[in-house]
Each structure stands twice: as C-alpha cells, then as structure tokens.
Amino acid sequence: MKDFKAQTTRKSAPSSKGGLNQEIQARIGHQLRAMYDDVVRQGVPDRFADLIKRLDDPQQGGPTAATDSERRD
C-alpha cells in the first residue's frame, strides 16, 4: 500500500522560499479565472454605463468640473 499522506504532503509543501507551490498556485489561478470570466461576460449594466458617462462629463459634475469652492473664487 502506498503512503498517500507522504505523497500529498510532498506535493503540496510550500517551496523553500515560502508561499504556495506551483501546483496550488495554478489551481487557484484556474478557479479565479473561471469565476471572473463569468463576471466579465455579463457586461456593464446600462445604469452603470450611464453613471460613468455622467461622471466623465464636466457639464454633469464630472472630475473636471469646478467644485463649489472653486466657483466662488
């Protein structure tokens, strides 16, 4: 019978520098990509796109519009 615990420990042990080994990093990366790919495919809802558009427009109070204190000066 093989020593499963010894094999598992050997494979999943962190590198000598610390941190996670490459196998674990690859597995985490794959799972994160799978999760975030779904989020990216959903796109930006219209209400958020409209909000971003208004924030970028200086006439609508975007970042380049003067603040109240700047207008008073």
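Just remember that our numbering sits 15 ahead of the position in the sequence shown, which is counted from 1. For glycine and all other residues, C-beta sits at the position ideal for the given N, C-alpha and C.
How big is the Cα-Cα spacing for residue 46 and residue 74? Taking the straight line from one Cα to the other gives about 43 Å.
Residue 48 versus residue 56 - alpha carbon distance: Approximately 12 Å, taken between the alpha carbons.
Roughly how many angstroms lie between the CA atoms of residue 42 and residue 36, to the nearest whole one? Distance between the alpha carbons of residue 42 and residue 36: 10 Å.
Delimiting residues of the alpha helix (DSSP H) encompassing residue 54: Where residue 54 is concerned, the enclosing alpha helix (DSSP H) stretches over 37-57.
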